[in-house]
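Encoded as structure tokens, the structure appears first; notes follow it.
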Amino acid sequence: MTETNKNLKSASNTRELKRLARTWHALTPQEALATLQSRESGLSREEVVTLRARFGANTLPEEKSRTLFDRFLAQLNSMLIYVLLGSAAITAVLGHAIDTAVILAVVILNAVFGVLQEGRAERALDAIRAMISPTASVLRDATRQSVPASDLVPGDILLIEAGDRIAADARLISARGLRIDEAPLTGESVPVDKRPQADLPDADLAERASMAYSGTLVTQGQGTGVVVATGAATQIGRITTMMSSIAETTTPLIRQMDAFARQLSFAILALSGATLAFAIMVRGYTLDDAFLAVVGMAVAAIPEGLPAVMTITLAIGVERMSKRNAIVRRLPAVETLGSVSVICTDKTGTLTRNEMTARHVATATGVYDVEGGGYAPVGAVLNRRAVIRCGENPDTAFDALITIAVLCNDARLVAEPAQANEVQAQQWSVAGDPMEGALLALAAKAGCNIADLQTAATRLDVIPFDAAHRFMATLHNAADLPAIPATVEDSQNMHRVLLLKGAPEQVLALCSSVLSKGTITSVNGEIWQQTIATLAAKGERALAFAFKPISAETGSINVADADGGLVLAGIVGFIDPPRQEAKAAIAEARTAGITTKMITGDHALTAKAIASDLGIDTTAGVASGHDIASLDTQQLKTVANRTNVFARTAPEHKLRLVEALQSEGAIIAMTGDGVNDAPALKTADVGVAMGRKGTEAAKEASQMVLADDNFASIVEAVKEGRTVYDNLTKVIAWTLPTSFGETFVVMLAILGGFVLPVTPVQILWINMVTAVALGLILAFEPPEADVMRRPPRPPGQSLLTPLLVWQVLFVSALFVAGAFGMFWWARQRGLDIAQARTIVVNTIVVFEIFYLFAVRYLRGGSMSLKGIQGTPAVLIGVGTIVALQVAFTYLPIFQTLFDTRAVALADGLAIIGLGVLLLLILEVEKRFRQKIMDRPASAP
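For the record, in the sequence shown the residue sitting at position 15 is 15 according to the working numbering, with numbers rising by one throughout.
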């Protein structure tokens, strides 16, 4: 034994085993057993107790959950909430208990919603823990035992059979026909063939054929393995650890709103303090009078209804997305989708259908194209555009291949009933190996009666597929196989035939001849190697098909019977077909300035072929997980930005890629369906899980779930996200001028020593009633025409762009001018202070209504029939506000509460006329502003 192996044998603690975690696959079974001081007969009871004390239970670590009260308090730790609480305190000082209650209700509702959304990370970890098998079969004291999975320890001998879910990471000792579905862990679209032989030390996770990983499912065969990692040391445990260390991503909206709230709070405090000092020291106000006046100004400056309207706007976006099969689990993710600049997507089941399909059939005569996708027996086999059917084709090799494909096959196709009793309307799936299911679909497309052939050609014996010999073979009577030509003289036609399918390189090595145009000739290995390479270049997996007549006395077969002398029938190329709707979605995303990057655990050639077919740019080539692991942070940033296809990736590779792209300022949407995607889904700005085929771990780690697993739904969600942001911008552009206009009215009155044109309670009416109702209308606005023809909004762009700041100041000035002008006009005509203030309040509300029509279109004109008519929401909202304002002005109870008076008809018409003038001024200003907004750098 080498010095290295001696060191391995001395490993006896958790740290050493974790250090070896990356090398178990490169050890021989004997070396693995020696390292763990175990043996094929299993550990003794005493050894299990000792190891259990050393390594602990085979369970994933659980974090201590915060209490409900802690989560509730955490929702209050926001500057925006502080602004609302300050607003509540101010209204309480003013003695307006109802207003205080309303504001506090907004705070509490927001906090409750946050608590309900809290804990997704904990549920994600719970979903991963649920993947671990509850029990396991082991050898201990040379006796087979069934034990709880949590009792497994490193060194246990794990017994593996079809249908088992692997309970711990294990190094295989033996394997017979063993195949394991590792799709949730690696993204591999078909079950992986397993064998005990050592792999290369640098083999990627998906290429470690000597390993069985915790949480994966055994689909076929049996084997034994020695447990090498339990609990947090397993591959799934590493994913859990990664997810535990990932903080919740803060969305651009939350970041910008927090920054805006801080800026607004400091501005209000500074302005209020300066105004208070000026009022006392310059204008001679008493402290009480000055304080009440400044409080009124602060109340005007705080847009109390804005958080509620923004939340409702996001909620409306959620509802719209749900109708497009995009289920949003976290409200701010709606807006974040509108900022997405890169979509990092898994391949299997996301861009592809996760259904193996035979795409090409190659015989000595030529290559056949196969139509259709998935397991549905719908489509045709074509040769030079001519439809080919079994029994009607002069190419006997094709018929022979189809016969082998049907009989050397253990799968079956399953059709779900359809309302319309038609094959096209049914959903088809496969029971068994996906590639074998694809072969049955191929046979059906070729016109083969599968049931009749399987009934007529009785299987006499079988050699199951095994990773060691890499083929499957069956034995049949030649008389039952008219499509298989005889190669020996047998007048009674009673010889038997061995049918075989397997890995092309292995099968070619066993073939000495080939069936061509009804005759059997010598095989040209070089030509067939070129055929295999051509299929591989197209991203297709290949299976070769051959047969061998054998003696009539043969009643059973073994591997030696297939060792040479076979006749090659042909090769079939398989592909997991791309979703056609995904291709269109990627093109639309490109138009919207969004880059699509494929990150998959599949082979590089397959990934590149699928990416090219979908329209993803592959000019920079394909980067592998091994490449990613070898790059430093700066190099990875360069590769991540330049490359669009990544193959053979492990969970940590996906996580590094997302983090590298984010560090360069990209807003990332990460799609996926496997547990291997969960860490990256949680890290991404928007994690998007597949609803049908996605694991619970992926769903719980994501912010959005696609109910139909349709990649195209992501683009629709992006469109809705951009619309939501547009509408939020409209809400802000509409809300701030009304609040600031009122603020400046009060402030200028204090600075100028004038009577306040509006009272604090009237300001609250405007802010909490009319402002909320009118602002809410903008949440229902449909997408603007160019919403998907603009580049993504720059992630660092402030919520308050220079143009928006200008618009707010300009409109605020118009509001101030209108309010003071109408107040002065009313007082000049001898109206009392209460009547003048009522006119001012109605002027502000009318200005709000006309400004609403102006702000509905950020980029287009409002002076059109469509703009004037408005949406149903606009008409309902404006009608409601008019009714409320009539009540505010004329009903005695409101006159008492708000100190208002009835407004004369002439005054009302003057107010409306002033509103029309406001709209005209805003339209002229918009024309000039549009020229600036059309510049690419300023596109929102």
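Think of the CB as a built atom: it goes at the ideal place given N, C-alpha and C, for glycine as much as any other residue.
- Of all alpha-carbon atoms in Phe-711, Ile-732, Phe-823, the one lying nearest the alpha-carbon of Pro-757 is that of Phe-823.
- Spatial neighbours of Ser-210 in its own chain (CB-CB distance under 7 Å, excluding positions within 5 residues in sequence) are listed in chain order as His-25, Arg-171, Leu-172, Arg-195, Pro-196, Gln-197, Ala-198, Asp-199.
- In the structure shown, Ala-698 adopts helical secondary structure according to DSSP, grouped into three states.
- Arg-459 is not a Cβ neighbour of Ala-431, given a cutoff of 7 Å.
- Collapsing the DSSP output to three states places Val-705 in a strand.
- Its Cα nearest to that of Ile-520, the residue Pro-549 stands out among Leu-543, Gln-506, Ala-536, Pro-549.
- The beta carbon of Lys-693 is closer than 8 Å to those of Gly-349, Asn-354, Asp-673, Asp-709 in its chain, skipping five residues each way along the sequence.
- In this chain, the alpha helix (DSSP H) harbouring Ile-404 covers 396-407.
- For Met-747, the enclosing alpha helix (DSSP H) covers residues 712-752.
- Taking the Cβ atoms as the reference, Leu-499 lies roughly 20 Å from Ala-468, outside the contact range of under 8 Å.
- It is roughly 14 Å from the alpha-carbon of Thr-619 to the alpha-carbon of Thr-595.
- In the three-state reduction of the DSSP assignment, Phe-547 falls in the strand class, which pools E and B.
- Excluding five sequence positions before and after Thr-365, the CB atoms of its chain that fall closer than 7 Å to its own CB belong to Asp-395, Ala-397, Ser-516, Lys-517, given in chain order.
- The beta carbons of Ala-358 and Ala-483 sit no closer together than 7 Å.
- When Ser-341, Val-639, Trp-806, Ser-702 are compared, the shortest CA-CA separation from Thr-591 is found for Ser-341.
- In this structure Phe-894 is not in contact with Ser-812, their Cβ atoms being roughly 27 Å apart against a cut-off of 8 Å.
- Comparing alpha-carbon positions, the option among Leu-655, Gly-665, Ala-707 lying closest to Lys-682 turns out to be Leu-655.
- For Ile-463, the closest alpha carbon among the candidates Ala-910, Leu-453, Arg-541, Ser-556 is that of Ser-556.
- Here Thr-638 is exposed: its Cβ has fewer than 16 other Cβ atoms, across all protein chains shown, within 10 Å.
- When C-alpha distances from Ile-714 are compared across Cys-344, Ser-624, Pro-154, Gly-86, the shortest belongs to Cys-344.
- For the options Ala-537, Phe-465, Ile-844, Arg-642, the alpha carbon positioned closest to that of Val-507 is the one of Phe-465.
- When DSSP states are grouped into helix, strand and coil, Lys-682 belongs to the helix group.
- Contact between Val-805 and Asp-726 is absent: CB atoms are separated by about 17 Å, not below the 8 Å threshold.
- Counting along the chain, the unbroken alpha helix (DSSP H) around Asn-641 starts and ends at 633-642.
- Fully contained in the segment 177-204 are the following alpha helix (DSSP H) runs of length 4 or more, in chain order: 183-186.
- Under the rule that a run must span 3 or more residues, the beta strand (DSSP E) segments found entirely inside the segment 412-469 read 412-416, 427-431, 461-463.
- At least 7 Å separates the beta-carbon of Gly-539 from that of Thr-649.
- In its chain, beyond the 5 residues on either side, Asp-480 have a beta carbon closer than 7 Å to the beta carbon of Ala-456.
- Of the candidates Asp-202, Val-190, Ile-236, Val-190 places its Cα closest to the Cα of Gln-220.
- Closest by C-alpha distance to Leu-185, out of Leu-43, Ser-214, Ile-157, is Ser-214.
- The DSSP-derived three-state label of Glu-335 is helix.
- The residue among Val-367, Gly-373, Glu-207 with its C-alpha nearest the C-alpha of Ala-386 is Val-367.
- Looking at the DSSP output, Met-598 sits in a beta bridge with Thr-345, Val-645.
- Burial check for Ser-702: the Cβ neighbour count within 10 Å reaches 16 or more, so the residue is buried.
- Under the three-state reduction of DSSP output, His-495 falls in the coil class, being neither helix nor strand.
- Judged by DSSP secondary structure, His-653 falls within the alpha helix (DSSP H) whose first and last residues are 651-663.
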